[in-house]
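Order-wise, the sequence lines are chains V and F. Going by the numbering used here, the first sequence opens with residue 149, and the numbers climb by one from there. Going by the numbering used here, the second sequence opens with residue 149, and the numbers climb by one from there.
2 protein chains.
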Amino acid sequence: MDALECLACGNAYPLDIHNPFCPVHGWPLLIPASRKKRRIKTSASTIYERYADFLPLHPFDPALSLGEGGTPLLSLTRLACELGAPHLLAKNEMMNPTGSFKDRGTVVAVQKAVELGIRRVGTISTGNMAGSTAAYAAKAGLRCLVYVKEDTSRQKIVSAAIHGASVIKVRGDYASLFRRSFEIGRTRGIYFMNSVDPFRIEGYKTAGYEIFEALGADAFNGRKPPRIFVPVSAGGHLIGLMRAFLDLREIGAIGSMPRFVGVQAAGCAPISRAFAGRAETVRRFPRPHTMAHAISNPFPPGGDLALSLLRAGGGLMTSVSEPSILRAQSLLASREGLFCDPASAVALAAARKLGPGRGPDILILTGSGLKTVEDANPVALDIREQDLGGL
Amino acid sequence: MDALECLACGNAYPLDIHNPFCPVHGWPLLIPASRKKRRIKTSASTIYERYADFLPLHPFDPALSLGEGGTPLLSLTRLACELGAPHLLAKNEMMNPTGSFKDRGTVVAVQKAVELGIRRVGTISTGNMAGSTAAYAAKAGLRCLVYVKEDTSRQKIVSAAIHGASVIKVRGDYASLFRRSFEIGRTRGIYFMNSVDPFRIEGYKTAGYEIFEALGADAFNGRKPPRIFVPVSAGGHLIGLMRAFLDLREIGAIGSMPRFVGVQAAGCAPISRAFAGRAETVRRFPRPHTMAHAISNPFPPGGDLALSLLRAGGGLMTSVSEPSILRAQSLLASREGLFCDPASAVALAAARKLGPGRGPDILILTGSGLKTVEDANPVALDIREQDLGGL
């Protein structure tokens, strides 16, 4: 259980939370699937009981939960009509406790920290993971240290610091900070649960099982497989979601994989560029620039692994322009009542770019627009002032 | 069904969405309970099927829903320990689609608008109701007009305007604007679903049924009844929650009412002041000033009705100071991982002021802190800057 595996070489390595990477390939190490017979316990009421066979929690402590997961899968009937798509859906991950999908991973990693007797946790983040890690650390009574990029918005910084976390705005290269954080963690005894943490990735799987249960097995066994559009930053979220369906295929619950579409902003598209160039290795993206801050990671640590899983499962990567992101954000809000951040909107932008599929298209909306209000397109907003008497 | 009743005089009045007030007493008119046998359908999966007997929806159209309701009731174990309370819980209404409890009411009112063939809706709001009404109007394809106070934060204004609503910042008296909005609605054919709209109030009941189901009937039949702490602005939310338990008492599901504690900020406490003074009528609160903007309503239209229901049910009103609100907000975030707005934090401030009850204490957390980031106590935040090399 506490050995990790590298999917590149198949080797097992003892769990080291301060360096969860393959020493040979550099890929993020993952938690091997249990060899016991696994199934979804459909009579259970919580997601942790339902999916217990697929999660590294023994057992799950509900006192450390904030009620994450169980988010709605909404039919986007108005947008589907405009796009001519047969069935367009959104998995609304903004409805997690801190407003992003990160909570599904954080709760699993924090449970592990408590299990290991670790009293201090940390993360490096563009914003969403900061708030998520700080909130769950507070709930668990752990101290929390958060490194953010110096240009992170006040809203995102406050939403982490309010939980009692120490927030440090770091001037310098983000990819270097990622590596440095693990060194600091080892020296000071802080569990840095960063983007591709193996426990975090396991937590992300729960959204995949929920989508499977909501659509039903038939949706995955016919000739019109669903497409799942996922905004991609470090790669952890996409890897987690793909692993959920790999689990389901392995236990025979589905016949074939859904078609995953990883999406990046064209202004920071290292994995998408590698995919297009048929490369096996992701290279650093020069001069990243996009309003989709939450997925602006120029050198994603899970990039090679995500590429490999995508190719093996018949998926693809694409990228979308800044105007198309802004337009997609506006469409989701004005047609479907969903105010997401620009990073989430890339999913719709990609669906519009690729055109309708044969089966249902599912957009993963990863984070709330409330943390990025300053990025909304001011041209599209109708805001006026008037005196009461003049109404 | 489409007659409304006044609880002051017991008279019935035909439904007029542009003037849902008793012509004699001025109280908000309410939807009479169905005379059919009513029960909770415990095998149903959605809250609208479960609570169909108690809601004026025939039937509920899921295409107009954003997945509201079903919010977690969390055990606040760390705060309970600090406060010496036997059982402290929070109903996390921040986890509704637009980040506040308003969504439960908006979805019912918007369904009614569609049923009546109305194409334009509106609201006046300090912020949360604006975003909620705009989002559900967008989902339903209705046009939306929102009036907000001129000092409403940019975050709240954008979170309404992004949904395509016309947002007008109005200079002038808020209570006058409330009355004026109904006149404008009648003239222009706009359904102003304001704070004490009868359909909105019915929607708020669902949180009450959820609390009942989560705690179980025994919690309401013993000698240690729960206390429910509710932030109070116009009064609609408190009225809705009390009506839920009145319904449950009427059908025999509970023996006695929980003890409701309505809470206002001392800086704007018209109902609390009337309660303390044993008055039957709420008077306008002079020079309101509080950071809890979402409950800063100096002349609440549901005040007299709320007072009457509270007294009949053994409840009470209290008010809390600005420093205690700030402290409560910080405690919820740093001990329990819950980042709520100051208006929600009054619930904990009141629980701390009154001291532990004999039974479970339930805090209704009404709205997300993400819309009021500028109000967080900067002194309590640990935010620093550093160079990567210096870490």
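Heads up, the beta-carbon is just placed ideally off N, CA and C, and yes, glycines get one too.
Reduced DSSP category for residue i - H, G, I as helix; E, B as strand; rest coil
{"i": "Y199 (chain V)", "result": "coil"}
{"i": "K239 (chain V)", "result": "strand"}
{"i": "E298 (chain V)", "result": "coil"}
{"i": "F423 (chain V)", "result": "helix"}
{"i": "D535 (chain V)", "result": "strand"}
{"i": "S273 (chain F)", "result": "strand"}
{"i": "A401 (chain F)", "result": "coil"}
{"i": "M390 (chain F)", "result": "helix"}
{"i": "R348 (chain F)", "result": "helix"}
{"i": "C416 (chain V)", "result": "helix"}
{"i": "G451 (chain V)", "result": "helix"}
{"i": "K501 (chain F)", "result": "helix"}
{"i": "D209 (chain F)", "result": "coil"}
{"i": "C292 (chain V)", "result": "strand"}
{"i": "C488 (chain F)", "result": "strand"}
{"i": "D321 (chain V)", "result": "coil"}
{"i": "F360 (chain V)", "result": "helix"}
{"i": "F340 (chain F)", "result": "strand"}
Chain V contact for residue i (CB, 7 Å cutoff)
{"i": "E153 (chain F)", "result": "no"}
{"i": "V521 (chain F)", "result": "yes"}
{"i": "S191 (chain F)", "result": "no"}
{"i": "K287 (chain F)", "result": "yes"}
{"i": "S343 (chain F)", "result": "no"}
{"i": "V318 (chain F)", "result": "yes"}
{"i": "F340 (chain F)", "result": "no"}
{"i": "F208 (chain F)", "result": "no"}
{"i": "G351 (chain F)", "result": "no"}
{"i": "I531 (chain F)", "result": "yes"}
{"i": "E358 (chain F)", "result": "no"}
{"i": "I305 (chain F)", "result": "yes"}
{"i": "S482 (chain F)", "result": "yes"}
{"i": "L325 (chain F)", "result": "yes"}
Per DSSP, cross-strand counterpart(s) of residue i
{"i": "D164 (chain F)", "result": "In DSSP, D164 (chain F) forms no bridge with anything."}
{"i": "Q477 (chain F)", "result": "According to DSSP, which records beta bridges pairwise, Q477 (chain F) is partnered with nothing at all."}
{"i": "A151 (chain V)", "result": "V:P162"}
{"i": "V409 (chain F)", "result": "F:F377 and F:L464"}
{"i": "G515 (chain F)", "result": "F:S248"}
{"i": "P176 (chain V)", "result": "V:F169"}
{"i": "S223 (chain V)", "result": "V:L237"}
{"i": "V315 (chain F)", "result": "V:I531 and F:V294"}
{"i": "D268 (chain F)", "result": "Asp is not the amino acid found at residue 268 (chain F); the sequence shown has Arg there. According to DSSP, R268 (chain F) bridges with F:R291."}
Residue from the options with nearest C-alpha to residue i
{"i": "L513 (chain F)", "options": "F:N167, F:V430, F:I443 and F:G415", "result": "F:I443"}
{"i": "M341 (chain F)", "options": "F:P171, F:A454, F:S193 and F:R291", "result": "F:R291"}
{"i": "G356 (chain F)", "options": "F:E241, F:L152, F:R319 and F:S324", "result": "F:E241"}
{"i": "A414 (chain F)", "options": "F:L396, F:P526, F:K501 and F:N525", "result": "F:K501"}
{"i": "A417 (chain F)", "options": "F:H385, F:V409 and F:T466", "result": "F:T466"}
{"i": "T274 (chain V)", "options": "V:G218, V:S301, V:Y161 and V:A392", "result": "V:S301"}
{"i": "E428 (chain V)", "options": "V:T219, V:A392, V:W175 and V:G503", "result": "V:W175"}
{"i": "P234 (chain F)", "options": "F:R506, F:T520, F:D530 and F:R532", "result": "F:R506"}
{"i": "A309 (chain F)", "options": "V:R532, V:P379 and V:P446", "result": "V:R532"}
{"i": "G425 (chain F)", "options": "F:F447, F:L455, F:I399 and F:I402", "result": "F:L455"}
Neighbour flag for residue i against chain F, beta carbons, 7 Å
{"i": "T225 (chain V)", "result": "yes"}
{"i": "G232 (chain V)", "result": "no"}
{"i": "S314 (chain V)", "result": "yes"}
{"i": "V468 (chain V)", "result": "no"}
{"i": "Q412 (chain V)", "result": "no"}
{"i": "A156 (chain V)", "result": "no"}
{"i": "Q534 (chain V)", "result": "yes"}
{"i": "L512 (chain V)", "result": "Looking at the sequence provided, one finds Ile at residue 512 (chain V) rather than Leu. Not one chain F Cβ lies under 7 Å of I512 (chain V)."}
{"i": "R220 (chain V)", "result": "What sits at residue 220 (chain V) in the sequence shown is Pro, not Arg. Yes, P220 (chain V) counts as interfacial toward chain F."}
{"i": "I310 (chain V)", "result": "yes"}
{"i": "F487 (chain V)", "result": "yes"}
{"i": "G215 (chain V)", "result": "yes"}
Closer than 6 Å: residue i CB and nearest the ligand GTP heavy atom
{"i": "G218 (chain F)", "result": "The ligand GTP is absent from the structure shown, which contains no ligand whatsoever."}
Validate contact between the region 303-320 of chain F and the region 373-381 of chain F using beta carbons, cut 8 Å, 3 pairs: no
Any 3 or more C-beta pairs closer than 8 Å across the region 491-499 of chain F and the region 244-258 of chain V: no
Stretch-stretch touch, CB-based, cutoff 8 Å, three pairs: the region 282-298 of chain F with the region 256-268 of chain F: yes
Cβ pair count under 8 Å reaching 3, the region 446-461 of chain V against the region 472-491 of chain V: no
Touch test, the region 344-356 of chain F against the region 195-208 of chain F, Cβ-Cβ under 8 Å, three pairs minimum: yes
The region 155-171 of chain V in contact with the region 325-343 of chain V per 3-pair CB rule at 8 Å: yes
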